[in-house]
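First comes the structure, then the notes that go with it.
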Amino acid sequence: MPNNDMSFVTQDDHGFNPPTNDLRIHGRPFGLEKAYDYEAGGHHPVHLGDLLHQRYKVLHKLGSGGYANVWLCRDTSSTDPRYVALKIIMAEGSTPNCPELRIYKLIELGLGQESAAEHFCLPLDRFDIDGPNGIHYVFVYPVLGPRVSRVFNVIKLEDPGIPLRELCFQTTLAMAVLHKYGICHGDFRPANILLRLSGLDGLNEEELFAIFGPPQTAQVLKHSGEAHDMPTAPQYVVYPIDWDDVASSAAGSNLIQNKACITDFGECFEISTPTLDLGIPQVYLSPEYCLERKKLPEPWWSETWTARKRYFQDDTDSNGLVVAADNTKENGRTGYGDGDIADIPRVVIDQSYPRSLQAAIAEGLFYEYKNSIEGVERSIPQKEIAIFADLLSKLLRYSPSERISPSEALEHEWFQLEKSDG
Numbered sequence: 030m031p032n033n034d035m036s037f038v039t040q041d042d043h044g045f046n047p048p049t050n051d052l053r054i055h056g057r058p059f060g061l062e063k064a065y066d067y068e069a070g071g072h073h074p075v076h077l078g079d080l081l082h083q084r085y086k087v088l089h090k091l092g093s094g095g096y097a098n099v100w101l102c103r104d105t106s107s108t109d110p111r112y113v114a115l116k117i118i119m120a121e122g123s124t125p126n127c128p129e130l131r132i133y134k135l136i137e138l139g140l141g142q143e144s145a146a147e148h149f150c151l152p153l154d155r156f157d158i159d160g161p162n163g164i165h166y167v168f169v170y171p172v173l174g175p176r177v178s179r180v181f182n183v184i185k186l187e188d189p190g191i192p193l194r195e196l197c198f199q200t201t202l203a204m205a206v207l208h209k210y211g212i213c214h215g216d217f218r219p220a221n222i223l224l225r226l227s228g229l230d231g232l233n234e235e236e237l238f239a240i241f242g243p244p245q246t247a248q249v250l251k252h253s254g255e256a257h258d259m260p261t262a263p264q265y266v267v268y269p270i271d272w273d274d275v276a277s278s279a280a281g282s283n284l285i286q287n288k289a290c291i292t293d294f295g296e297c298f299e300i301s302t303p304t305l306d307l308g309i310p311q312v313y314l315s316p317e318y319c320l321e322r323k324k325l326p327e328p329w330w331s332e333t334w335t336a337r338k339r340y341f342q343d344d345t346d347s348n349g350l351v352v353a354a355d356n357t358k359e360n361g362r363t364g365y366g367d368g369d370i371a372d373i374p375r376v377v378i379d380q381s382y383p384r385s386l387q388a389a390i391a392e393g394l395f396y397e398y399k400n401s402i403e404g405v406e407r408s409i410p411q412k413e414i415a416i417f418a419d420l421l422s423k424l425l426r427y428s429p430s431e432r433i434s435p436s437e438a439l440e441h442e443w444f445q446l447e448k449s450d451g
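Each number in the numbering used here corresponds to the 1-based position in the sequence shown with 29 added.
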């Protein structure tokens, strides 16, 4: 249904690239694909109610992007209501080198037979669409819920510590399984870890829309504001499902499970042939990749660094942390006018920030809830602080050879904590 919010801005108004096909989207641009992607090589135009592959009826949208759109569809071949997610790849990306095809290698290796298979989003079907913008690969997947980072907004948690630990265990288990097959995911981050749904199949369409809400749309118009008749573009685009709104109802909240599911294997590669060409954002890179697998700078304790005493004391403090050198007259150094000493920058260690994992964790966690301006702050039990810090320290070692593996991490004490301890 059309979105009647008159506080519209167009994609052009928001500084987006001008369309090359003379089309623009009349509506809030957030969460939508771009109008200029509806041309040769781009997205396949889809309307609500379309029947794809003579089987899948389009009901709603699950997500949009510059690579694909994902649609919520009903599988009409099933007697009882059954729902699936259709990921339609842009035509220019629908080639034999399509990253989405990499998942099939994992299936051939036996990933689908693993006891942890429920933690991977594996395709149910695949077909092609020959449309006005080219040939598109279409992958049929199970319908999944929001990304794991939204767990606080979509699952009612009195104590988030326990379910968070469960999600961490599940994702670590999934990574361990991938590594067993000699595969690195390459883009392992919250955006690619979704929560599973339960109880969706069996609902009729009316019940489905009662939970997800009716689809909201925005018109696709010519740049002049007139309607278009181009077969390469839809008459409107659809806003994705808002999972926070879905979870606000009891029925919607009950659909969303505390079960992690790994998606998007487009960056995966064989561990035996690592690559520097990764698409994962830097904040999620493993430590050695942040420096392009080069050596770390000289550490403060290095004996080969002859000038280290100018900056740091030989001994650490009682917590094993580095102490800045005191370049003052007490040490025979004024810091000013003593030849080369004058050029030595004074090292100031900022004490306002935590200087260890233990200190950072001890500050607690702050969760932002959609319906709370102030959010919720939760302290971490004292017993858990040292245990969790120990796990992180072993996971964050710079050298991969010194880092514990996912399988070893699963045996760590933090994952063995009893519920009463969390």
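Ideal placement from N, C-alpha and C gives every residue a C-beta, glycine not left out.
Where residue i falls: helix, strand or coil (DSSP)
i	result
Thr-357	In this prediction, Thr-357 scores a pLDDT of 47, lower than 50, which makes its location untrustworthy; the coordinate-derived value is nonetheless stated afterwards. Here Thr-357 sits in coil by DSSP.
Thr-49	coil
Thr-304	coil
Ala-262	coil
Cys-197	helix
Ala-438	helix
Tyr-67	coil
Gln-286	strand
Tyr-528	Only positions 30 to 451 of the chain appear in this structure, which leaves residue 528 out of reach.
His-89	strand
Ile-370	With a pLDDT of 44 at Ile-370, under the threshold of 50, the predicted position of this residue should be treated as unreliable, and no value is reported.
His-72	coil
Arg-207	Here the sequence assigns Leu to residue 207, which means Arg is not the residue at that position. Residue state, collapsed to three classes: helix.
Leu-145	It is worth fixing the name first, because residue 145 is Ala in this sequence and not Leu. Coil.
Leu-202	helix
Ile-191	helix
Ile-135	Rather than Ile, the amino acid found at residue 135 in this sequence is Leu. Correct three-state label for Leu-135: helix.
Leu-237	helix
Residue i - partner residues in DSSP beta bridges
i	result
Phe-298	Cys-213
Val-113	Cys-102
Leu-224	Ala-289
Phe-16	The shown model of the chain, from 30 to 451, leaves out residue 16, and the question about it has no answer.
Ala-336	None, per the DSSP bridge assignment.
Leu-81	Tyr-85
Inter-residue Cα distance where the pair is residue i and residue j
i	j	result
Ile-54	Glu-129	28 Å
Leu-446	Tyr-340	41 Å
Ala-256	Lys-63	17 Å
Gly-295	Ser-123	13 Å
Ser-277	Pro-171	23 Å
Gln-28	Phe-217	Absent from the structure is residue 28, since the part of the chain shown begins at 30 and ends at 451.
Glu-437	Glu-187	30 Å
His-441	Leu-420	7 Å
Ser-106	Lys-86	10 Å
Tyr-112	Asp-293	20 Å
Arg-26	Leu-425	What is shown of the chain runs 30 to 451, which leaves residue 26 out entirely.
Val-351	Ala-388	15 Å
Gly-254	Asp-154	39 Å
Ala-336	Ala-354	11 Å
Gln-411	Phe-198	21 Å
Thr-304	Gly-56	40 Å
Tyr-96	Lys-338	53 Å
Gly-78	Glu-392	51 Å
Leu-229	Leu-237	8 Å
Tyr-58	Arg-103	The amino acid at residue 58 is misidentified as Tyr; the sequence shows Pro. Spanning the two alpha carbons is a distance of roughly 27 Å.
Glu-121	Leu-151	23 Å
Beta-carbon proximity of residue i to residue j, cut-off 8 Å
i	j	result
His-165	Ile-240	no
Val-249	Lys-90	no
Gly-160	Met-119	no
Gly-211	Glu-299	yes
Arg-131	Leu-173	no
Leu-196	Val-177	yes
Leu-307	Gly-215	yes
Leu-223	Cys-297	no
Leu-80	Leu-88	no
Range covered by the beta strand (DSSP E) that runs through residue i
i	result
Asn-98	97-104
Val-169	163-170
Leu-173	173-176
Where the alpha helix (DSSP H) through residue i begins and ends
i	result
Asn-182	180-183
Phe-156	Premise fails: Phe-156 lies in the beta strand (DSSP E), 154-160, not in any alpha helix (DSSP H).
Phe-149	No alpha helix (DSSP H) holds Phe-149; DSSP gives it neither H nor E.
Ser-422	411-424
Asp-230	Counting along the chain, Asp-230 falls outside any alpha helix (DSSP H), and DSSP gives it neither H nor E.
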